[in-house]
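Single-structure report; data block below.
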Amino acid sequence: MQKPGKTRKSGATGVAGLAVVLCLFAATAYGVGSAARGIFLAQEEEINPIIAGGDLDDLPALMRGNIPAITTSMVRQEIPRTKPPRMCEMPDDYFAKLDRGFDRPAGYTNRNEYVRKYRDRRGFLNERELRAAKVAWHYFEKFTQETTGLANSVGNYPSTTLWDTASYMAGVVAAYELCLIEKPEFDRRLTLLLTTIKGLDLFRKELPNKVYHTKTGEKVDYTNKAGEIGFSALDIGRFLVWMRIIKNRYPYLGNTVDSVLLKWDFHNAIGPDGLLYGAYVDKETNETVYAQEGRLGYEEYAAKGFALWGFRPLLAHRAEPFLTASIYGIQVPYDGRDPRIFHSQNYVVTESYLQDGLELGFDLPHDDSSPEWLHSDGWRAEFADRIYEVQENRWRRTGFMTARSEHNVKGPPYFTYDTIFSDGYPWNTVTPRGDYVPDHAAVAAKAALGLWALWETEYTDVLYDAIIELYDPENGMYEGLYERGQGRVAIYTANNNGIILTSLLHKVQGTILTPYFGDTEVWYTAFRDQDVRQRRGYPDPPQQDDWLPALRHSIQKEADF
Numbered sequence: 001m002q003k004p005g006k007t008r009k010s011g012a013t014g015v016a017g018l019a020v021v022l023c024l025f026a027a028t029a030y031g032v033g034s035a036a037r038g039i040f041l042a043q044e045e046e047i048n049p050i051i052a053g054g055d056l057d058d059l060p061a062l063m064r065g066n067i068p069a070i071t072t073s074m075v076r077q078e079i080p081r082t083k084p085p086r087m088c089e090m091p092d093d094y095f096a097k098l099d100r101g102f103d104r105p106a107g108y109t110n111r112n113e114y115v116r117k118y119r120d121r122r123g124f125l126n127e128r129e130l131r132a133a134k135v136a137w138h139y140f141e142k143f144t145q146e147t148t149g150l151a152n153s154v155g156n157y158p159s160t161t162l163w164d165t166a167s168y169m170a171g172v173v174a175a176y177e178l179c180l181i182e183k184p185e186f187d188r189r190l191t192l193l194l195t196t197i198k199g200l201d202l203f204r205k206e207l208p209n210k211v212y213h214t215k216t217g218e219k220v221d222y223t224n225k226a227g228e229i230g231f232s233a234l235d236i237g238r239f240l241v242w243m244r245i246i247k248n249r250y251p252y253l254g255n256t257v258d259s260v261l262l263k264w265d266f267h268n269a270i271g272p273d274g275l276l277y278g279a280y281v282d283k284e285t286n287e288t289v290y291a292q293e294g295r296l297g298y299e300e301y302a303a304k305g306f307a308l309w310g311f312r313p314l315l316a317h318r319a320e321p322f323l324t325a326s327i328y329g330i331q332v333p334y335d336g337r338d339p340r341i342f343h344s345q346n347y348v349v350t351e352s353y354l355q356d357g358l359e360l361g362f363d364l365p366h367d368d369s370s371p372e373w374l375h376s377d378g379w380r381a382e383f384a385d386r387i388y389e390v391q392e393n394r395w396r397r398t399g400f401m402t403a404r405s406e407h408n409v410k411g412p413p414y415f416t417y418d419t420i421f422s423d424g425y426p427w428n429t430v431t432p433r434g435d436y437v438p439d440h441a442a443v444a445a446k447a448a449l450g451l452w453a454l455w456e457t458e459y460t461d462v463l464y465d466a467i468i469e470l471y472d473p474e475n476g477m478y479e480g481l482y483e484r485g486q487g488r489v490a491i492y493t494a495n496n497n498g499i500i501l502t503s504l505l506h507k508v509q510g511t512i513l514t515p516y517f518g519d520t521e522v523w524y525t526a527f528r529d530q531d532v533r534q535r536r537g538y539p540d541p542p543q544q545d546d547w548l549p550a551l552r553h554s555i556q557k558e559a560d561f
């Protein structure tokens, strides 16, 4: 057993030893720290500053309008497409130098782009085509109101919609680029038109009414009597496509274009789900009712019009829900929403696919750099090929020339949906209220020349010969040719003549939409110091995360017709 004295001695010794160790450790740490500090101070300080407006800066809403809209040319370091010259300014060898992509295999790429097995027609207009262009343009020379600059939708009847106004804008652009008019007339027409549209009385201070009187610019109903009936998201979407085309092609008109749209309230036109919504007036309560608008074909086309201005119509751009009907061996896609439940028909017609191809090149809104033979909105191009093929197959199997789309008729019912498929039936021709009217089946002139422009085949040569001289030189191109031998559809419309001019322009210049080359836009910078942008639903410049996705879809088989 240890003695108490020995224990105390050992404890003192331990404390002293620990103190010595701690002193040595502190001295060592001080030395190392001093050395490290000396090395650190001898080096240049590395700073990672956050630059205002840079990648690390979380910009407040006040400043977000100054950032550029991101496109494929920026992300992929590709050269943006350029605006082609007017036809009368093109060198003789212009078309010999185009890359048509003939050596590329057809099908989807790993980015869901699509290479079609068909090619569109390219070249100068020949004598027959130039004559048709002049006649189509004459419709707008004759039926545009001098006081307002608005063009009549149908002949002498002084009424129009935003959809048909966009067709007139298409006609003005085509007439200028095909050298049918010169810049003074081009500027006069568009400036007067845009000034009138800016001053239109909107539907309940939101968006343009569905119909306007072309002589007075007043809101009217479908009988052309004073009143308001709502707004159409599809019509607005088409109008937005052509406002973007005009702004990108002619930057000096950009401020005028922006000033029109900056009077509109888009808050109720796009839902948080990315669907498009139109509006109508409840007849009993007189209140505004907002309802989803659009079916497969037109819905996606209109969605891209909104996306061109920074909106995010994500669900409206998707094909789902869709089904297919097997017609002459082709899986024809149609909207899968049940008309009995949703109270909207699922018409399959040619026009919506034509407009996407002619105006937008079957490309996504952010794509400003892909070659003309590569379509970044791949499924739209692939579906469009099916729409073409089923119509050619019908001609080969039955002998009926086929280019189906909705069209006007002279006298009751005044308008028909001349469909490839609707209500469970192929080649169904119906009125807006659903009556079956097979005698109004026709080769639609706009569909025939649109198919001819986008599909260079023997069959579209036949359509071309049937339609290219189908006109009255005093009034414009006829609406079409009746399928059952009753002759011409003897009526003249803005939409038909506008699409025919677009088809002829596409032969010369390819995709009508060209890239925007400015750094920012008044559309994105205006009202940043107010709450107007938030209240009216104005978007910020789209970034890569905002892009509509590139998709592909499997074939969903339903029934064989």
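Take the sequence shown: its letters are residues 1 to 561, numbered as in full-length UniProt numbering. Note that beta-carbon positions come from the ideal geometry of N, C-alpha and C, so glycine has one too.
Q. Taking contact to mean at least 3 C-beta pairs separated by less than 8 Å, is the stretch 349-366 in contact with the stretch 102-111?
A. The stretch 349-366 vs the stretch 102-111: no contact.
Q: State the Cα-Cα distance for the pair Lys-97 and Val-409, rounded to the nearest angstrom.
A: As a working mapping, residue 97 is identified with position 97 in the sequence shown. As a working mapping, residue 409 is identified with position 409 in the sequence shown. Each residue's Cα considered, the two are about 43 Å apart.
Q. In this structure, does DSSP put Leu-234 in helix, strand or coil?
A. Mapped onto the sequence shown, residue 234 falls at position 234. Helix.
Q | Check whether residue 562 and Gln-391 have beta carbons under 8 Å apart | A | The requested residue 562 is not part of the displayed model; the chain covers only 1 to 561.
Q) Exposed or buried, Arg-8, counting other C-beta atoms within 10 Å across all chains shown (16 or more means buried)? A) Along the sequence shown, read from residue 1 onward, the residue named residue 8 stands at position 8. Low confidence applies here, because Arg-8 scores a pLDDT of 37, under 50, leaving its location unreliable; read the following figure in that light. Classification for Arg-8: exposed.
Q: Could you tell me which of Gly-487, Ser-259, Pro-413, Arg-394 sits nearest to Val-332, measuring between CA atoms?
A: Sequence index remark: in the sequence shown, residue 332 carries index 332 (1-based). If we check each option's Cα against that of Val-332, Arg-394 comes out closest.
Q. What separation, rounded to the nearest whole angstrom, lies between the Cα atoms of Tyr-482 and Glu-228?
A. The count along the sequence shown starts at 1 and reaches residue 482 at position 482. The count along the sequence shown starts at 1 and reaches residue 228 at position 228. Tyr-482 and Glu-228: Cα-Cα distance of roughly 35 Å.
Q: Taking only heavy atoms of the ligand MN into account, decide whether any of them is closer than 7 Å to the Cβ of His-343.
A: What this structure holds is no ligand at all, so the ligand MN is not there to describe.
Q. Would you call residue 646 buried or exposed, if buried means 16 or more other Cβ atoms sit within 10 Å of its Cβ?
A. No statement about residue 646 is possible, as the shown extent of the chain runs from 1 to 561 and does not include it.
Q.
Is the beta carbon of Gln-509 closer than 8 Å to that of Ile-70?
A. For the purposes of this step, residue 70 is taken as residue 70 along the sequence shown, with counting starting at 1. For the purposes of this step, residue 509 is taken as residue 509 along the sequence shown, with counting starting at 1. At a Cβ-Cβ threshold of 8 Å, Ile-70 and Gln-509 do not count as neighbours.
Q. So, using beta-carbon positions, are residue 574 and Glu-320 closer together than 8 Å?
A. This structure gives no information on residue 574, because the portion of the chain shown stretches from 1 to 561.
Q: Return helix, strand or coil for Lys-247, following the three-state DSSP convention.
A: Taking the sequence shown and counting its residues from 1, the one referred to as residue 247 is at position 247. Three-state DSSP puts Lys-247 in a helix.
**Q.** Selection from Thr-511, Gly-485, Ala-448 that minimises the alpha carbon distance to Asn-496
**A.** The residue given as residue 496 occupies position 496 in the sequence shown. Of the candidates Thr-511, Gly-485, Ala-448, Ala-448 places its Cα closest to the Cα of Asn-496.
Q) Does the distance from the C-beta atom of Asn-152 to that of Ala-490 stay below 8 Å? A) Numbered from 1 along the sequence shown, position 152 holds the residue referred to as residue 152. Numbered from 1 along the sequence shown, position 490 holds the residue referred to as residue 490. Not a contact, by the Cβ cut-off of 8 Å.
(Q) Using the three-state DSSP reduction, which class does Asp-187 fall into: helix, strand or coil? (A) Reading the sequence shown from its first residue, position 187 is the one you call residue 187. Here Asp-187 carries a helix assignment [DSSP, helix/strand/coil].
(Q) Suppose the cutoff is 8 Å on Cβ atoms and the five residues either side in sequence are ignored; what does the same chain contact list for Met-74 look like? (A) Stepping through the sequence shown from its first residue, residue 74 is reached at position 74. Non-local C-beta neighbours of Met-74 in its own chain, meaning closer than 8 Å and more than five positions away in sequence, comprise Pro-68, ordered along the chain.
Q: Answer yes or no: do Gly-171 and Phe-124 have a C-beta to C-beta separation smaller than 8 Å?
A: Taking the first residue of the sequence shown as position 1, residue 171 is located at position 171. Taking the first residue of the sequence shown as position 1, residue 124 is located at position 124. No.
Q | Within the stretch 59-85, ranges of the alpha helix (DSSP H) (whole runs, at least 4 residues) | A | Contiguous alpha helix (DSSP H) elements confined to the stretch 59-85 occur at 72-75, taking only those with 4 or more residues.
Q. Is Glu-359 near Ile-512, with beta carbons less than 8 Å apart?
A. For the purposes of this step, residue 359 is taken as residue 359 along the sequence shown, with counting starting at 1. For the purposes of this step, residue 512 is taken as residue 512 along the sequence shown, with counting starting at 1. The Cβ-Cβ distance between Glu-359 and Ile-512 falls below 8 Å.
Q | Cβ-based burial, Gly-217 [other Cβ within 10 Å; buried from 16] | A | If you number the sequence shown from 1, residue 217 lands on position 217. Taking a 10 Å sphere around the C-beta of Gly-217, we find 16 or more other C-beta atoms and assign the residue as buried.
Q) If His-407 and Gly-361 are in contact, beta carbons under 8 Å, what's the gap, nearest whole angstrom? A) The sequence position of residue 407 within the sequence shown is 407, counting from 1. The sequence position of residue 361 within the sequence shown is 361, counting from 1. About 25 Å; that fails the 8 Å criterion.
Q: For Asp-356, decide whether its Cβ has a neighbour in chain B, counting only Cβ atoms nearer than 8 Å.
A: The structure shown has no chain B; it contains just one protein chain.
Q. DSSP state of Leu-323, grouped into three classes?
A. Locating residue 323 in the sequence shown gives position 323, counting from the first residue. Correct three-state label for Leu-323: strand.
Q. Enumerated in chain order, which unbroken segments of the beta strand (DSSP E) with a length of 3 residues or greater are wholly contained in the stretch 408-490?
A. Complete beta strand (DSSP E) runs here, min 3: 415-418, 442-444, 480-482.
Q | Neighbour-count burial assignment, Met-243, 16 or more Cβ in a 10 Å radius | A | Mapped onto the sequence shown, residue 243 falls at position 243. So Met-243 counts as buried.
(Q) Once the 5 residues before and after Phe-311 are set aside, which same chain residues still bring their CB inside 6 Å of it? (A) On the sequence shown, residue 311 is found 311 positions in, with the first residue counted as 1. Ile-270, Pro-539.
Q | Cβ-Cβ separation, Arg-76 to Ser-369 (assumed contact under 8 Å), whole Å | A | As a first step, residue 369 must be located in the sequence shown, where it is residue number 369. As a first step, residue 76 must be located in the sequence shown, where it is residue number 76. For a cut-off of 8 Å, the C-beta gap from Ser-369 to Arg-76 is around 7 Å, short enough to register as a contact.
Q: Kindly indicate which three-state DSSP category Val-281 falls into: helix, strand or coil?
A: The count along the sequence shown starts at 1 and reaches residue 281 at position 281. If DSSP states are grouped into helix, strand and coil, Val-281 belongs with the strands.
Q | Pairwise C-alpha distance: Gly-274 and Phe-40 | A | The residue given as residue 40 occupies position 40 in the sequence shown. The residue given as residue 274 occupies position 274 in the sequence shown. Here the model assigns Phe-40 a pLDDT of 43, short of 50, so the residue's position is not dependable, and the following value carries that caveat. The alpha-carbon of Phe-40 is positioned some 54 Å away from that of Gly-274.
(Q) Give me the DSSP bridge partner(s) of Ala-151. (A) On the sequence shown, residue 151 is found 151 positions in, with the first residue counted as 1. Residue pairing from DSSP places Ala-151 in a beta bridge opposite Thr-144.
Q. Touch check for the stretch 242-258 and the stretch 514-529: three-plus C-beta pairs under 8 Å?
A. A contact is defined here as three or more CB-CB pairs under 8 Å, and the stretch 242-258 meets this definition with respect to the stretch 514-529.
Q.
Starting from Gln-534, trace the alpha helix (DSSP H) in both directions and tell me its first and last residue.
A. Position 534 of the sequence shown holds residue 534. Residues 532-536.
Q. Leaving out five residues before and five after Leu-240 in sequence, what residues of the same chain have Cβ atoms less than 7 Å from its Cβ?
A. Within the sequence shown, numbered from 1, the residue matching residue 240 stands at position 240. Short of 7 Å from the beta carbon of Leu-240, and not among the five residues preceding or following it, lie these beta carbons of its own chain, in chain order: Gly-305, Phe-306, Leu-308, Trp-309.
(Q) Going by DSSP, what residue range makes up the beta strand (DSSP E) through Thr-288? (A) Stepping through the sequence shown from its first residue, residue 288 is reached at position 288. Run containing Thr-288: 288-292, per the beta strand (DSSP E) assignment.
Q: Determine the DSSP secondary structure at Pro-333, reduced to helix, strand or coil.
A: As a position in the sequence shown, residue 333 is number 333, starting the count at 1. Strand, per DSSP.
Q | C-beta atoms of Leu-234 and Gly-294 nearer than 8 Å | A | Along the sequence shown, one-based indexing puts residue 234 at 234. Along the sequence shown, one-based indexing puts residue 294 at 294. Taking 8 Å as the Cβ cut-off, Leu-234 and Gly-294 qualify as a contacting pair.
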